[in-house]
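Under numbering that gives the first Met the number 0, the first residue of the sequence shown is numbered 0, with each subsequent residue one higher. Below is one structure, written out as structure tokens; comments come after it.
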Amino acid sequence: MASALVAAVAAPPPARLYVPPGVYRPQADTGLLARALAHEGLGPGTDVMDIGTGSGVLALLAASRGARVTAVDVSWRAVAAARLNGIRLGLPLHVLHGDFAAVTPGRRFDVVVANPPYVPSPMADPPGQGPERAWEGGETGRRVIDRICARATELLRPGGVLLMVHSALCGSRTTVEHLRRTGLSAQVTMRAVVPWGPVLRSRRAWLEEQGLVGAGEGREGLVVIRAERSCS
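Listed below in structure tokens is the structure:
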């Protein structure tokens, strides 16, 4: 089942995966993160947290390998979809609604997976509702990325691993340096280049004005950053 789910997240959601309107559909970033997760030693007894679970596909991938999974999302629709997908696939998920930093106080995990909102945005304030919450990352795209970096150490057990995907537009070196400053070892472990989606295309002029992209650019780099907490 695990290999089937890895394949599924790189393609349109399979019939058994419920993705209602307003919930982030598995895309290239999901598939890249799924491939990174497949390299981790998950199994019974492994505690996993999935930040921004959306339809729950990454949480389901971890659960299919026997891990105990806590999935979190700020969208009630996403929470409902992830819970339903767990029931449909017969995989146990503990799905929570709310901000990742607030809903699991004091808990630590062996693996934390994160696909945060990361698209640079001209909006000063994050949207309070709607599907845009899944991708709007503030002016630099780092509004949620930086919060995850700041809290990663306290979310991880000794030897625990954070896997986070985001656009190269947000500065992968910045993320690696931020995580290293907190005491984690961190590096980019996977990359991909994909065509721009409709959101980036719709704000081309603004991105060019900010110096984030060059004129005529139409492909986006994605990165997976792996950070590990020392066992000591």
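By construction, the Cβ of each residue, glycine as well, lies at the ideal position given by its N, Cα and C atoms.
task = With DSSP as the reference, label A33 as helix, strand or coil.
result = helix
> Quick one: Cα of H93 to Cα of A70, how far?
Replying inline: 6 Å
How about P130 and P20: are their beta carbons less than 9 Å apart?
Cβ distance < 9 Å, so P130 and P20 count as in contact.
_As an exercise, report each continuous beta strand (DSSP E) stretch of at least 3 residues that is fully enclosed by the stretch 104-169, in chain order._
With a minimum length of 3 residues, the continuous beta strand (DSSP E) runs that stay inside the stretch 104-169 are 108-113 and 155-166.
Near A113, what residues of its chain come up, given a Cβ to Cβ distance below 6 Å and the 5 sequence neighbours on each side ignored? I50, I147 and M163
Would V22 and M48 qualify as a contact pair, given that the criterion is a beta-carbon distance under 9 Å?
no
key: Whole-Å CB distance - L178 paired with A226, under 8 Å assumed   = 4 Å
Quick one: residues in its chain with C-beta nearer than 6 Å to the C-beta of A66, no 5 flanking neighbours on either side, listed in chain order?
L41, T45 and V47
* Asked: When you compare each of Y17, E39 and H165 to R142 by their alpha carbons, which one comes out closest?
  -> H165
ask   = Going straight from the alpha carbon of R150 to that of P25, what length do you get?
value = 25 Å
_Are the CB atoms of L154 and R107 within a distance shorter than 9 Å?_
yes
Give me whichever residues DSSP pairs with D46 in a beta bridge. BP columns for D46 point to R67.
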